[in-house]
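Here is the structure we will look at.
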Amino acid sequence: MSWEKVKLGDVSESCLGKMLDKRKNKGFYKPYLANVNVRWGAFDLENLQEMRFEDDEDERYGIKYGDLIICEGGEPGRCAIWKEELPNMKIQKALHRVRVKEEMDCRYVYYWFLLAGKQGALKQYYTGATIMHMPEQKLKEVIIDKPPLDVQRKIGNYLESFDNLIENNQKQIKLLEEAAQRLYKEWFVDLRFPGYEDTPIVDGVPEGWAMMPLSSVFEYVRGKSYTSKELVEEGGVVMINLKNIRAFGGYNRNAEKRYEGKFKENQELFAGDIVMGVTDMTKERRLVGHVAIVPDLDETMTFSMDLVKLVPLCVKKSFLYSTMFYGGYSKRISPLANGVNVLHLKPETMMNMEMLVPTEEIMEQYDILFDIYQKKIETLQKQCDIATEARERLLPKLMSGEIEV
């Protein structure tokens with residue numbers, strides 16, 4: 022179906038955020054969105070920075086419900102719709118604020134950018150040889166399809182229904198993860214584990230528990246080194262890699278690679294295995310030393326050289342993962358990595374650290390409860406995967422008019 026084509030600048034108003042300049046900026050400190058806070062279709066609001074804004078800058082740099090926030094650099098074009106997740110939010114210069122006119126539906130424009138990003142259609146508007154940017158003038162020149170407004174709304178409604186399911190499930194997943202963290206803290210930090218009333222505690226160590234070096238708690242297996250020729254679009258096996266480590270811990274889905282080379286038997290991964298990042302390019306050390314539980318992807322899996330697999334020796338996987346993630350061990354291990362541009366962690370440097378290991382009985386009881394949370398999380402995540410796959414199949418067909426709405 023043939024729809025009218027228009028320049029984005031003709032159907033919207035846009036502006037860049039505020040330049041970060043500590044010497045010149047005046048006013049009061051307020052939180053702002055930077056490039057790293059914008060994902061495709063969502064915002065990471067956990068580690069917001071602040072800078073000074075004056076009162077008369079609220080209109081210029083403030084954002085409101087329905088604004089499309091688009092990355093100017095990094096991955097130019099990556100965007101999400103602001104839905105007043107936090108009040109009085111501002112944006113920094115690395116981001117565009119786009120407000121569509123009444124003839125456009127902001128959800129339709131977002132999905133147009135999502136598809137264009139996947140198809141590489143935005144690259145023609147980039148500038149820069151090595152570091153890509155999409156300046157404001159280039160953004161205004163982006164040619165988009167403009168179906169009738171009622172069609173835009175129907176497309177937005179249909180695709181948004183999948184994203185709403187994903188968002189709701191992710192909220193439930195977050196609540197379950199927080200519940201698991203509270204359980205860990207209660208048992209192993211506050212030492213309010215089952216039977217604690219009758220258990221003597223000497224120097225912070227309950228009777229029957231022991232401080233052990235990590236070398237006695239687990240062993241590690243290094244990931245597979247590979248070449249680009251061994252990566253494929255289809256076939257092969259799933260390769261879990263550094264991008265599957267969520268910032269500061271947890272599993273990041275849909276970042277897997279496909280690998281058709283050989284790997285050792287002990288480099289195979291199974292659902293429930295624990296992997297740890299051993300390299301990092303972020304100055305905040307978001308990945309190195311941090312862990313994730315491998316989900317059930319229903320395929321053969323291996324892992325790349327920027328990860329290690331942690332194999333428990335005398336503890337349950339649930340306790341080991343929780344102690345690394347919730348108990349702060351990952352944050353203690355992360356500073357052991359060194360390097361100028363790329364941080365590298367030598368796993369052997371962490372193995373002399375000590376961990377307080379509870380009795381087998383306590384770990385088994387914790388494992389039962391932790392497993393309940395994990396199974397619920399896995400069920401919700403699989404629903405998210407199905408919804409994502411359905412949206413990805415329908416996206417190009419709806420945006421091209423192949424499927425009429």
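Heads up: the sequence shown at position 265 corresponds to 286 in our numbering, and the numbers run straight through without jumps.
Just so it is clear, CB atoms sit at the ideal spot from N, CA and C, and this is done for glycine as well.
Simplified DSSP state of residue i, which is helix, strand or coil
i, result
"Met322", "strand"
"Leu290", "strand"
"Phe346", "helix"
"Tyr147", "coil"
"Phe74", "strand"
"Gly141", "coil"
"Ala63", "strand"
"Phe284", "coil"
"Phe269", "coil"
"Cys335", "coil"
"Asp171", "helix"
"Phe239", "strand"
"Tyr394", "helix"
"Ala115", "coil"
C-beta contact flag for residue i and residue j at 7 Å
i, j, result
"Val296", "Lys250", "no"
"Leu116", "Ile90", "yes"
"Leu37", "Glu157", "yes"
"Phe284", "Lys245", "yes"
"Leu29", "Val163", "yes"
"Ala101", "Val130", "no"
"Val315", "Asp301", "no"
"Arg279", "Gly257", "yes"
Beta-carbon proximity list for residue i, same chain, < 6 Å, skipping 5 on both sides
i, result
"Leu197", "Tyr394, Lys397 and Ile398"
"Val259", "Glu277, Leu318, Glu320 and Met322"
"Asp88", "Trp103, Arg118 and Arg120"
"Ile188", "The sequence shown places Glu at residue 188, not Ile. There are no such residues."
"Met345", "Val312 and Ser351"
"Asn373", "Pro234"
"Ile383", "Phe214"
"Ser236", "Met372"
"Leu419", "Ile176"
Buried/exposed call for residue i, threshold 16 Cβ in 10 Å
i, result
"Ala292", "exposed"
"Ser182", "exposed"
"Thr248", "exposed"
"Leu334", "exposed"
"Met40", "exposed"
"Lys195", "exposed"
"Tyr342", "buried"
"Asn56", "buried"
"Glu93", "buried"
"Leu143", "buried"
"Pro417", "exposed"
Whole-angstrom distance between residue j and residue i, CA atom to CA atom
i, j, result
"Glu305", "Pro356", "10 Å"
"Asp211", "Ile389", "20 Å"
"Glu425", "Phe74", "46 Å"
"Leu180", "Lys159", "27 Å"
"Phe239", "Val336", "8 Å"
"Asp219", "Trp230", "14 Å"
"Leu308", "Val332", "19 Å"
"Ile261", "Asp76", "47 Å"
"Phe266", "Asn46", "Rather than Phe, the amino acid found at residue 266 in this sequence is Ile. Computed Cα separation, rounded: 36 Å."
"Phe10", "Gly298", "In the structure displayed, the chain extends from 22 to 426; residue 10 sits before or after that span and is not available."
"Tyr50", "Met72", "5 Å"
"Gly138", "Trp61", "10 Å"
"Pro168", "Lys338", "53 Å"
Cβ shell of residue i (< 8 Å), same chain only, five flanking positions each side left out
i, result
"Glu289", "Thr321, Met322 and Thr323"
"Leu54", "Gly38, Phe64, Leu69, Ile84, Ile90, Met110, Lys111, Ile112, Gln113 and Leu116"
Beta-carbon proximity list for residue i, same chain, < 7 Å, skipping 5 on both sides
i, result
"Thr148", "His154, Pro156 and Lys159"
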